[in-house]
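Following: one structure in structure tokens, then a few remarks.
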Amino acid sequence: MSHSSTSKFQLNSISLSCWGSGVSFPQFLYHQSELQQVDLSNTYFKVDRFPVWLLDNNTMLTILHLDNCSLSGPFQVPSRVHSGLSRLDISNNAFGGNIPVRIGAHLPFLVYLNMSKNCFNGSIPSSFGDMSYLQILDLSNNQLSGEIPQHMAMGCSSLQFLALSNNKLQGSIFSGNFNLTSLLELELNGNNFTGMIPNVLANCSRLYILDLSNNYIYGEVPSWIWNMSELAALDVSRNQLFGRLPQWRGSASNLELVAMADNQLEGSIPRAICSLNLKLQFLDLSMNSLSGTLPSCFKPVLVREVHLFKNKLQGALPNAFHDSSWLVTLDLSYNHLKGNIPNWVSNLSELSYLLLRRNHFEGEIPIQLCKLDRLSLIDLSQNNLSGGIPYCLKVSALNYVTEQYILHRSSLDDISSSTSIEVSIEYTVKSRSYNYKRRMLQYMSGIDLSCNKLTGEISFETKNIMKLFTLNLSHNSLTGPVPRAFSNLKDMESLDLSYNNLTGNIPAEFAVLHFLEYFNVSYNNLSGKTPERIGQLGAFDESNYVGNPFLCGSLVGKNCSPVTTPLTPKASSGITEDHGFIDMDAFYASFFACYMMVLLCIAAVLYINPYWRQAWFYYIQMAADSCYYFVVDNFPRNFCTGNM
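Just so you know, the sequence shown maps onto residues 40 to 683 in this note's numbering.
If you want it as structure tokens, here you go:
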């Protein structure tokens, strides 16, 4: 392309955001020299190289946005120091190679630099430490390796936001001198950092978000973390932290998000957590070894997410969440909790996911659950629950969300979008356990009451479960027929009614369940013919019906043809009698033959084995002697007594 012509006009700013796809840089841009602001974001250019000429030609340029432009190749800095550029965004492209070593020297006045979501590799240049005005630096989602440069930790004294997440960085975090005391957000998640949580972070008194998750950090959780009065989000999940959670005295009362899942923490949850009652919205201490009971003073009023699964928590479920009307997820699965499921569960009007799997809960399923209109998943499996299934349970996917709820949740969503937090729920579908992320959860709906002691008939109000995807009632003592109304659940994908005492026929109408992928009614007392192998029912074999002795059909290998009336036997000469189903002549003949066979076997044994023969004769002799003396001793005495 020829650039010889001179532009007849000069612009101060230009915005061609979302200009198009497969386009070239406008010809006139090559001849602009007074540009101050350029926004070419979200435009897919045919020329895929970084337009370094924009920086060389426009010395007064202060803002350059080239994010999401399908640019690739190496990133180039201007040939000389650019004293004007304060904001540069080249994120979400395919730039690769090393970040230029002299980037800090050539762009020393940058305040905002976003190079995230590219393919940069190599180490982080120490010349970043020359950017003393830099406030926001985002290098996340690349392939950077090595350690955080010491010069950067000292020189970027104005840095407020630092994101190095999802790279291959290693070593200790800020192991040397540290001068990033102005930090508000620090995101180092998804790397290979080792060592302990650095104590130098205690000097960041204004720190608002700290995300160190998905690393190899070890040691105990330092007590100074709980003294950071401005801290709103703390995520140290999926590391190798151990020991007990420290006590603290309320300084961290502004915490809205606490995530320490998948570590090796032990001991009880400290009572100091009660200081978070007014602000806490997200709590995840799952997959640790925490024990004891939940503190009775813990009553968070704004909490939306509680994940405490796979710990060793004990005792009855206290009134901890009695007033948590905004609670969306309560996951206490895989613990040692006992007692009844409390009636106050009806106060949780926004509850969508109730997961109490594999505990020791007993008693009946509270009918108060029927007051919850937003439930999507109920998992009460592997407990000791008894009684019947509340007929009024309501479960549906894509819950209706009120405008008030959307306004309320904006605070937490702003925080969680700045961290690696992603809600995950373990749920069993089609006899396998899966982890469902937030995006999938909104499409899920299911009831799992398996492995309890439930009795009575299966009875649901069909209109309350019309959007049900999975239903597992296996391993109980349920009776009665398989509800024919289940054929109206058009979205059903998994239905497990195995290991119960169900009777009656399998409804043929189930053939209309076009999304049914898993179906199991084995080990019941069902009878009649197995359904025709049409529609989705054609995918199931004998294993789905086994253990029902009265079922018939090709699937179970038993003929369903009607039993024919046996023919009347011909009358024999002489007198005939009605002996029902037994042929008496055959009976007597077989009895005599068996009797003779027994005698012959005994005689053969005595003839062959001399020891048994001698023992047998000795036994006969002893029996005869006993009879003789019994007669001699008793009969004469009787005669004498009678004659007197």
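Just so it is clear, CB atoms sit at the ideal spot from N, CA and C, and this is done for glycine as well.
Residue nearest to GLY485 within the set TYR392, CYS313, GLY402 and ASN386 is TYR392 (criterion: CA-CA distance). Across the set GLU186, MET193 and ASN157, the C-alpha of ASN157 shows the shortest separation from the C-alpha of ASP177. Looking at the DSSP output, GLN182 bridges to ASN160. Each of CYS409, LYS502, GLU496 and THR368 was checked against the Cα of GLU465, and the nearest Cα belongs to THR368. A direct Cα-Cα distance of roughly 28 Å separates ILE428 from LYS351.
If you look at VAL91, you'll find it in the alpha helix (DSSP H) that goes 91-96.
Cβ contact annotation for MET99 (same chain, cutoff 8 Å, sequence separation greater than five): GLU73, LEU74, GLN75 and GLY123, in chain order. Taking C-alpha positions only, ASP362 is separated from TRP383 by approximately 9 Å. For LEU110, there is no enclosing beta strand (DSSP E), as DSSP marks it with neither H nor E. Here the C-alpha atom of SER328 lies approximately 33 Å from the C-alpha atom of TYR538. Boundaries of the beta strand (DSSP E) around GLY426: 423-426. Linking ASN544 to VAL551 through their CA atoms gives a straight-line distance of about 17 Å. When the Cα atoms are used, LEU219 and SER166 turn out to be separated by approximately 16 Å. Counting along the chain, ARG478 sits inside the alpha helix (DSSP H) bounded by residues 477-480.
Scanning SER221, ASN230, ASN563 and LEU223 for the CA closest to the CA of SER211 turns up ASN230. If you keep only unbroken beta strand (DSSP E) runs of at least 3 residues inside the stretch 315-401, you get 321-323, 328-331, 344-346, 351-355, 368-370, 375-379 and 392-394. For a cut-off of 8 Å, the C-beta gap from SER171 to SER197 is around 6 Å, short enough to register as a contact. Counting other Cβ atoms within 10 Å of its Cβ, ILE641 stays below 16 and is therefore classed as exposed. Rounded to the nearest whole angstrom, the C-alpha separation of TYR627 and ALA643 is 24 Å. For GLY143, the CB contacts under 6 Å within the same chain, skipping 5 residues up- and downstream, are SER166, PHE167, ASP169 and MET170 in chain order. Distance from the CA atom of ASN474 to the CA atom of VAL462, rounded to whole angstroms, is 10 Å. One Cα belongs to VAL140, the other to ASN153, and the distance between them is close to 17 Å.
Excluding residues up to 5 positions away in sequence, ASN398, PHE400 and ASN491 lie with their Cβ nearer than 6 Å to the Cβ of ASN422 in the same chain. Counting along the chain, the unbroken alpha helix (DSSP H) around GLN189 starts and ends at 189-194. For MET193, the closest alpha carbon among the candidates ASN180, LEU208, VAL239 and LEU183 is that of VAL239. When secondary structure is reduced to three states using DSSP, VAL77 falls in the strand class. Proximity to ARG478 across THR494, LEU246 and ILE460 peaks at ILE460, based on C-alpha coordinates. Within the stretch 119-154, the complete beta strand (DSSP E) runs of at least 3 residues fall at 126-128, 133-137 and 151-153. By a beta-carbon distance limit of 8 Å, ARG283 does not contact GLN320. Their separation comes to about 24 Å.
By the neighbour-count criterion, in which 16 or more other beta carbons inside 10 Å mark a residue as buried, LEU146 falls on the buried side. In terms of CA proximity to PRO285, MET299 leads the group ARG277, GLU295 and MET299. One Cα belongs to HIS104, the other to LEU127, and the distance between them is close to 6 Å. At a Cβ-Cβ threshold of 8 Å, LEU173 and LEU149 count as neighbours.
The secondary-structure analysis by DSSP pairs GLU465 across a beta bridge with ASN474. Close CB contacts of ASN132 within its chain, under the 8 Å cut and outside five residues either way in sequence, are with LEU105, ASP106, ASN107, CYS108, SER109, LEU110, SER111, LYS156 and ASN157 (chain order).
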